[in-house]
Each structure stands twice: as structure tokens, then as C-alpha cells.
Amino acid sequence: MKKTNESPENPDQGNTHRKVGPIVSSAHLASDSAMELSELEFGLIVAGNAFNRWMVRCMNAAGLPELSPLDILVLHSVNHRDRAKKTADICLVLNVEDSHTVTYALKKLLKHEVVASEKHGKETYYSATEKGKAVCRRYREIREECLVDSLRTLGFSGADTGAVAGFLRGISGLYDQAARSAASL
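In terms of this note's numbering, the sequence shown is residues -13 to 171.
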């Protein structure tokens, strides 16, 4: 028996009038009452992956290849405000639950000589070396050239970007609370 494009086994094939619904990553999770949340989650997934890819490419261009997105975030956190920081503080600021991943990133950064460590009693504090500061400055220059200018070209204002950032921080808190609730089930 010859199959045709109008086979009942594939009723959607060739149907050009079919309505395209919301763009979600997992239709089985999307419900009528929370379709927009599923769309938001898909947006977070693709934006998160794009942001991770951007950080790695930007850091490569800045002269420090072989770093993961978390390594890069840890370097920027250590360099922030030119103050030494403890692992626990870095984890808190970056909202990283598994401190061993930050510890591993710090060891990698120490090996690349972009971070230095210093013991104060039982605590180890990390700070950016001159090489680390120079890499962060170069990263900033590339960021300005490749990303910030494009953002302005698209018409996004600082206020728009700030509003989105505030919304994302709020959503982060909701997901943290939901995670605590799910852990208690």
C-alpha cells in the first residue's frame, strides 16, 4: 500500500492552517492556567544557554580560554569591588548551592594565576591578581564593543534593562521558594 502526504497516520502533515501555539520547551508541562509560565521558562532556558555561550566566547577573546561559564562568573565575582572574598560569599552572591563547584572553579582560576588566595585564620580569601584584573578589563572592552552597542542599537534603554533585571531577581526568589517546597514533599 502506497502512503500519501494525506495519510491518516500523520494528520498534521501539510496542514498549513494549523495554529502555532505558545513556544514552550516541554508541552507536557504547559497547562492552560500557566502557559505563559512555560513560555517564560523556555525563554530562560534559551537566554541562559546564549548567555553562557557569550561569556565563554568573550573570555576566549579576552585571552583566557578553557574556562566554563561558572569559572568566568567566579572570576568576575572575585574581582568585584576589588575586595577579597570567601567561597561562601561567592556562593551566596551567585546563588550557587553546591559550593564544591565554586571551589573547583577557584582552583582552576588559581592555576591560571588570575586569582590569588590568602588565609586569615581558618578562612581562605580570594582576590583577583593583576593578570585577573587585566583579563576582566579586556572582557569589559569586548562586552562594550560586541554586546552593549548592539543593545543600544535595538533601542533598549538602561531603564528597560534594569526593569528586566529586577523581574529576573524576583523570579529567582519564587523558584527558590518553590524548590524549598518541592524538597519538603
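Think of the CB as a built atom: it goes at the ideal place given N, C-alpha and C, for glycine as much as any other residue.
Enumerate in chain order the residues of its own chain whose CB-to-CB distance from residue i is below 6 Å, with the five nearest sequence positions on each side excluded.
i	result
alanine 91	Leu56, Asp57, Val60
Just how far apart, CA to CA, sit residue i and residue j?
i	j	result
isoleucine 128	leucine 15	39 Å
leucine 154	arginine 69	26 Å
alanine 114	threonine 73	14 Å
alanine 47	aspartate 84	29 Å
tryptophan 40	glutamate 104	31 Å
methionine 123	glycine 107	For the sequence presented, residue 123 should be read as arginine rather than methionine. In a straight line, the C-alpha of arginine 123 is about 31 Å away from that of glycine 107.
histidine 86	alanine 164	23 Å
alanine 149	arginine 166	26 Å
isoleucine 76	alanine 169	24 Å
proline 51	lysine 94	12 Å
Below 8 Å on the Cβ atoms is my guess for residue i versus residue j; work out the distance and round it to an integer in Å.
i	j	result
proline 8	glutamate 27	Proline 8 to glutamate 27, Cβ: 11 Å. No contact.
glycine 118	asparagine 65	6 Å
Kindly list the residues whose CB is nearer than 7 Å to the CB of residue i, restricted to its own chain and excluding five residues on each side of it in sequence; keep chain order.
i	result
asparagine 38	Pro55
glycine 152	none
histidine 62	Cys122
Determine, using beta carbons only, whether residue i and residue j come nearer to each other than 7 Å.
i	j	result
valine 100	valine 121	yes
tyrosine 125	lysine 71	no
valine 79	valine 88	no
Below 8 Å CB to CB, which residues in the same chain sit around residue i once its five sequence neighbours on both sides are set aside?
i	result
threonine 147	Leu137
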